[in-house]
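A.B. asks: Okay, handing you the structure first.
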Amino acid sequence: MFRKVLIANRGEIAVRVIRACREMGIQVVAIYSDVDREALHVRFSDEAYHCGAPPARESYLVMERVLEIAKRCGADAIHPGYGFLAENGDFADLCEKEGVAFIGPKGEVMRRMGDKVTARRTMQEAGVPIVPGTTEALGDAEAVAFADEIGLPVMVKASAGGGGKGMRLVREREDLEDAIARARGEAEASFGDDSIYVEKFVEEPRHIEIQVLADTHGNTIHLGERECSIQRRHQKVVEEAPGNGISPELRERMGKAAVAAAEAVGYLGAGTCEFLMDKQGDFFFLEMNTRVQVEHAITEAITGIDIVKAMIRAAAGEPLGVEQEDVRISGHAIEARIYAEDPDRNFVPSPGEIVVYRPPEGIGVRVDSGVYAGARVTVHYDPMVAKLIAWGANREEAICRTRRALSEFAVKGIRTSIPFHQRLMRHPVFLEGRYDTGFIDEHMDGGSGGDPEVEGDELRRVANIMATIAAYKRDKDLASRASAPASAEGADPWKTQGRRAALRGTLR
41 MFRKVLIANR GEIAVRVIRA CREMGIQVVA IYSDVDREAL HVRFSDEAYH CGAPPARESY
101 LVMERVLEIA KRCGADAIHP GYGFLAENGD FADLCEKEGV AFIGPKGEVM RRMGDKVTAR
161 RTMQEAGVPI VPGTTEALGD AEAVAFADEI GLPVMVKASA GGGGKGMRLV REREDLEDAI
221 ARARGEAEAS FGDDSIYVEK FVEEPRHIEI QVLADTHGNT IHLGERECSI QRRHQKVVEE
281 APGNGISPEL RERMGKAAVA AAEAVGYLGA GTCEFLMDKQ GDFFFLEMNT RVQVEHAITE
341 AITGIDIVKA MIRAAAGEPL GVEQEDVRIS GHAIEARIYA EDPDRNFVPS PGEIVVYRPP
401 EGIGVRVDSG VYAGARVTVH YDPMVAKLIA WGANREEAIC RTRRALSEFA VKGIRTSIPF
461 HQRLMRHPVF LEGRYDTGFI DEHMDGGSGG DPEVEGDELR RVANIMATIA AYKRDKDLAS
521 RASAPASAEG ADPWKTQGRR AALRGTLR
């Protein structure tokens, strides 16, 4: 087993991995940018090292710097969390070359599954059902011709990346060329790759994903499904497990398909196969996320299996410690992603200092977070403040427990999405569990009242500009204070016993 693990991430996922390592007796190393100097993941770590300026491309995304820190501090392995370098095959290759274990699949596996066109082709060859569409990137004229061939509506999608970027739904023929241009431009800006492909749009789809685990001993298993259909502009907002109305027979078929997908590429560690399911209950492969998912906690809640520990064991060459027949699903769990956004103003970002932070407690409630009272939400990173996970013996109890927990969740100083979640947890369509991916737009006024693609993007752009201006002096001051030289050993001199005691007092 590894002796020391560097966590190449920040926020709640870094804290989550730290906790798993602590329970396994593994020392943990944090990295931080200028504005994360006093972040919670830094406070919880055994060692902490400065990695650069606030923009991720100058800190958390600098592969060579992250690896240099790992080697300098003597880390055996790197856990990438999600986001940043988590699905960067080149980084996994670099770690392997330098003799530092990457806690995740091989670089080649990430490249095969990270490119959606290649992934679709691989799944088709493995016998996994895919949405009718192309299995190669298309030029503009080819995309138009293929859309005409399979018929509207279609989805124009970026071949690289994810998170809903570079995706356009086309229902009218006259909108097709503009959608292709916009998807291609957004893909280039987001991923540096403007490749796109076209697939048939599944009407009233549900987004169901299967968690898989694999080790080097020939054991690949699945942990059941998660329902991720509550989305806003293709971004998940609320997830629950198990899925609504998913029969044991359907779960077994989807699970076998996900295991086949993982085995087809020689997968290692934790990954997720995402499927679209239509009204008839037919499911189609969407993509595979080659990392731990944001929503992994609800699967842990219903199975009792620690997914992060399983990742670490698999990367160290140990067996998972669990086989398929050992997996049991108990109860129901719901996750609400709490963002620093104002739901009453079209979810514009709400950066700033958190003055009060009091998460809920009690039976069946878990909160994964990377903040505290006095912490600051900046404009540089994802605005997720916390994940609220509630477990119940059944779906009804899980919903009631989520409502109760939301009512106790106090965050002051910034606006959050808590009021939105409170409304959602009382919506009759959600309560009946008969929703699809269009739920928010159809039932909760998910847009701005006009064209959500246009007005929503514009509002976010303006809000980001205003927030950036407001944060400029603060971040500049933080950067100046954080640029003091490190100790001779290279670790931040901030890590002293007296400073630890002071910080513990602050956290209380």
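So the mapping is simple: the working numbering equals the position in the sequence shown, first residue as 1, plus 40. Built from N, CA and C at the ideal position, the CB exists for glycine as well. This one's a predicted model, so the numbers in the text were calculated from it and none came from an experiment.
1) Whole angstroms is fine: what's the gap from residue 43's alpha carbon to residue 99's?
2) Can you tell me the Cα-Cα spacing of residue 189 and residue 414, whole angstroms?
3) Mind checking residue 257: buried by the 16 CB within 10 Å criterion, or exposed?
4) If you measure between the beta carbons of residue 442 and residue 380, is that distance less than 8 Å?
5) Who are residue 389's beta bridge partners in DSSP?
6) Roughly how many angstroms separate the alpha carbons of residue 418 and residue 96, rounded to a whole number?
7) Measure the CB-CB distance between residue 84 and residue 57 and report whether it falls below 8 Å.
8) Check whether the stretch 468-479 and the stretch 396-404 touch, using three or more Cβ-Cβ pairs below 8 Å as the test.
9) Taking a contact to mean a Cβ-Cβ separation below 8 Å, would you say residue 356 touches residue 41 in this structure?
10) By alpha-carbon positions, which one of 411, 405, 406, 407 ends up nearest to residue 395?
11) Taking buried to mean at least 16 other C-beta atoms within 10 Å of its own C-beta, is residue 46 buried or exposed?
12) So is residue 212 buried or exposed if we call it buried at 16+ other beta carbons inside 10 Å?
13) If you reduce the DSSP assignment to three classes, tell me which class residue 290 lands in.
14) Inspect the beta-carbon positions of residue 253 and residue 350 and report whether they are closer than 8 Å.
15) Three Cβ pairs or more, each shorter than 8 Å: is that satisfied between the stretch 237-249 and the stretch 313-322?
16) Since residue 105 sits in a beta bridge, which residues does DSSP pair it with?
17) Identify whether residue 336 lies in helix, strand or coil by the three-state DSSP scheme.
18) What are the start and end residues of each continuous beta strand (DSSP E) run of 3 or more residues lying completely inside the stretch 342-427, in chain order?
19) According to DSSP, is residue 275 helix, strand or coil?
20) Please find out if some non-hydrogen atom of the ligand COA comes closer than 7 Å to the beta-carbon of residue 72.
21) Could you round the C-beta distance between residue 330 and residue 144 to whole angstroms and report it? I think they count as a contact, below 8 Å.
22) Quick check on the burial criterion: 16 or more other C-beta atoms within 10 angstroms. Buried or exposed for residue 267?
23) Tell me whether residue 73 is buried or exposed, calling it buried when 16 or more other Cβ atoms sit within 10 Å of its Cβ.
24) By the three-class DSSP mapping on this structure, what secondary structure does residue 295 have?
25) Could you compute how far the alpha carbon of residue 130 sits from the alpha carbon of residue 303?
26) Is it true that the CB of residue 262 sits closer than 8 Å to the CB of residue 295?
27) In chain order, what residues of the same chain lie with their CB nearer than 6 Å to the CB of residue 409, ignoring the 5 residues before and after it?
28) Using three-state DSSP, classify residue 214 as helix, strand or coil.
29) If residue 445 and residue 438 are in contact, beta carbons under 8 Å, what's the gap, nearest whole angstrom?
30) For the alpha helix (DSSP H) that contains residue 162, what are its first and last residues?
31) On the premise that residue 91 lies in contact with residue 106, defined as a C-beta separation below 8 Å, what is that separation, rounded to the nearest angstrom?
32) Which of the three DSSP states, helix, strand or coil, is assigned to residue 461?
33) Exposed or buried, what is residue 333 when buried is set at 16 or more other beta-carbons lying within 10 Å of its beta-carbon?
34) Would you tell me roughly how many angstroms separate the C-alpha atoms of residue 336 and residue 297, rounded to the nearest one?
35) Where does residue 468 land, buried or exposed, given buried means 16+ other C-beta within 10 angstroms?
36) Considering only C-alpha positions, which residue in the set 60, 390, 215, 375 is nearest to residue 280?
C.D. replies: Here's the rundown:
1) 25 Å
2) 57 Å
3) exposed
4) no
5) 381
6) 12 Å
7) no
8) no
9) yes
10) 411
11) buried
12) exposed
13) helix
14) yes
15) yes
16) DSSP, once it has assigned bridges, lists no residue as partnering residue 105.
17) helix
18) 372-379, 396-398, 405-409
19) strand
20) Ligands are entirely absent from the displayed structure, and the ligand COA is therefore not among its contents.
21) 7 Å
22) buried
23) buried
24) helix
25) 21 Å
26) yes
27) 52, 426
28) helix
29) Not confirmed; about 10 Å, so no contact.
30) 156-165
31) 6 Å
32) helix
33) buried
34) 19 Å
35) exposed
36) 375
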